[in-house]
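As numbered in UniProt numbering, residues 1 to 150 make up the sequence shown, in order.
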Amino acid sequence: MTMSPSVPDPDRLPPARFALDRWTWREVAYLLANLPLAVVGFVYTVVLIAVGTGLSVTVIGLPLLVGGLQGGRLLGRVERWRARRMLGVRVEEPSPLARGHQGQGFFARLWAGLKDPVGWRALLYGFIRLPWGVLTFGVTLASLFVLWPV
């Protein structure tokens, strides 16, 4: 009985396989999606803060800010969902919005909405995420084109 040589034949090509596994492609997709979502978050935050603070001396300014903070919470929820689905990261949900007592009126609920730390944190994240989104998008795209042949 003859045994096959342990040295591979130089004329044979190695078996075909994927260049990168599926988790790497998920991470690349996550990084490439950072830029469009960062632009949306940045524009939303800047417009909300500019219009809300500008109109805060009127009747609609503060309720507009409270509604915008709820929208900021929604942007944070989308980002947590994206991290869970694409990266497999376990991210806890933040605390719910503190509601005023049932007997309290409109201004108590308005004040509770304005003091929402999760909403403000989500807006801050939307604001500072633009430079990070530009950087990750640029580096990832350049790496795909420049480093792919390597």
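Just so you know, even glycine gets a beta-carbon here, dropped at the ideal spot from N, CA and C.
Leaving out five residues on either side along the sequence, give the residues of the same chain with a beta carbon under 8 Å from the beta carbon of residue i.
i	result
Leu144	Val28
Arg80	Val91 and Glu93
Leu87	Arg26, Glu27 and Tyr30
Trp132	Asn34 and Ala38
Leaving out five residues before and five after residue i in sequence, what residues of the same chain have Cβ atoms less than 7 Å from its Cβ?
i	result
Gly68	Leu48 and Gly52
Leu64	Val51, Gly52 and Leu55
In chain order, what residues of the same chain lie with their CB nearer than 6 Å to the CB of residue i, ignoring the 5 residues before and after it?
i	result
Pro94	Val118
When burial is assigned at 16 or more other CB atoms within 10 Å of the CB, is residue i buried or exposed?
i	result
Glu92	exposed
Thr45	buried
Val59	exposed
Leu75	buried
Gly138	exposed
Leu84	Reading off the sequence, residue 84 comes out as Arg, not Leu. Result: exposed.
Ala122	buried
Asp21	exposed
Asp116	buried
Val89	exposed
Gly105	exposed
Leu147	exposed
Val57	exposed
Arg73	buried
- Could you name each continuous beta strand (DSSP E) segment of 3 residues or more that falls completely within the UniProt domain "Putative sensor" (30 to 147), going from the start of the chain to the end? For the UniProt domain "Putative sensor" (30 to 147), not one full-length beta strand (DSSP E) segment reaches 3 residues or more.
- Task: Assess, as a yes-or-no matter, whether the segment 118 to 137 is touched by the segment 31 to 47 under the definition of 3 or more beta carbon pairs within less than 8 Å.
- Result: The segment 31 to 47, when compared against the segment 118 to 137, does touch it at the 8 Å Cβ threshold.
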